[in-house]
Amino acid sequence: MERWLNRIAVVTGASSGIGAAIVKYLANNGMVTVGLARRKGRVEALRDEVKDEAKARIHAIKCDVTNEPEVIATFKEIERKYGPVAVLVNNAGVVRTTDLLKEGNSQDIRNVLDTNVYGIVWCTREAFRSMKAQGDDGHVFLINSIAGHMVPFIPNFSFNIYPPSKHAVTVLTEIYRQEFINNNTKIKITSISPGGVKTEIMGPDPPLTPDMPILSAENIADALIYCLQTPPNVQIHELTIKPVGEKF
Numbered sequence: 021m022e023r024w025l026n027r028i029a030v031v032t033g034a035s036s037g038i039g040a041a042i043v044k045y046l047a048n049n050g051m052v053t054v055g056l057a058r059r060k061g062r063v064e065a066l067r068d069e070v071k072d073e074a075k076a077r078i079h080a081i082k083c084d085v086t087n088e089p090e091v092i093a094t095f096k097e098i099e100r101k102y103g104p105v106a107v108l109v110n111n112a113g114v115v116r117t118t119d120l121l122k123e124g125n126s127q128d129i130r131n132v133l134d135t136n137v138y139g140i141v142w143c144t145r146e147a148f149r150s151m152k153a154q155g156d157d158g159h160v161f162l163i164n165s166i167a168g169h170m171v172p173f174i175p176n177f178s179f180n181i182y183p184p185s186k187h188a189v190t191v192l193t194e195i196y197r198q199e200f201i202n203n204n205t206k207i208k209i210t211s212i213s214p215g216g217v218k219t220e221i222m223g224p225d226p227p228l229t230p231d232m233p234i235l236s237a238e239n240i241a242d243a244l245i246y247c248l249q250t251p252p253n254v255q256i257h258e259l260t261i262k263p264v265g266e267k268f
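Per this note's numbering, residue 21 is the first one in the sequence shown, and the count goes up by one each step.
Okay, structure coming up:
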């Protein structure tokens, strides 16, 4: 992690789950970490969960990644207060428990696409601008899902627009890889696709069985740190993480 010490990392959807775990891991590993979330106070509270010397490296900004002007303003604020962005973790994501065939669910569908797809596009564009201005290196992470490569089947439950949104993330990973090259940079792109993870994303009543294998948010954060430590000439393009025994 030496090349990343005291450089700026931005994590979206940082108030809970995978995002919160990643904020703590990055700060503990020496990065100045800015967590973006609608619940700013929960990001600030993460200072109580890291090493003493890492507490001052955690910062929080309220930001709705679906709001393009707000994203633009937020990244300008980050550069002004902390410096150029070196690492971006696009973690913000939502699921809506609806069916595509159901009437009156248009806003639920838009919410998923606005967060899971457009949020990545707005944040990555602004982070790239910052990375490009400071040199030609950097690392962008997309927290994807196994649903971005296949559609898990759970009886009497529909993932509706969520898998299509994550399939878009899989394709975006390759588009970004090509565009980073076309812009003459050495910026890396990594998609991390977890299986089932115990987080708040599925809501208060997730379609899980008591014996279903599950990952922790810390498992994903640990994998991200591994990818971040690879040599400059090594790019982990896609990393799939499943709990042992998962049947999807």
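For every residue, glycine included, the Cβ atom is placed at its ideal position computed from N, Cα and C.
Assignment of Asn110 by DSSP, reduced to helix, strand and coil, places it in the strand class.
For Lys71, the closest alpha carbon among the candidates Ile212, Ile195, Asn48 is that of Asn48. Taking the C-beta atoms as reference points, Gly55 is found nearer than 9 Å to Gly39. Distance check between Ile81 and each of Leu66, Lys60, Ala93 places Lys60 closest, using alpha-carbon atoms only. Taking 8 Å as the upper bound for CB-CB distance, Gly158 and Val189 are not in contact here, some 19 Å apart. Spanning the alpha carbons of Val114 and Thr135 requires a straight line of approximately 7 Å.
Rounded to whole angstroms, the separation of the alpha carbons of Gly139 and Asn87 is 8 Å. Judged by DSSP secondary structure, His169 falls outside any alpha helix (DSSP H); it is assigned neither H nor E. Ile163 places its beta carbon 9 Å or farther from that of Ile234. Taking the CA atoms as reference points, Lys122 sits about 19 Å from Phe173. Under the Cβ criterion (8 Å, minimum of three pairs), the stretch 241–251 counts as touching the stretch 197–215. The bridge partners DSSP lists for Lys208 are His159.
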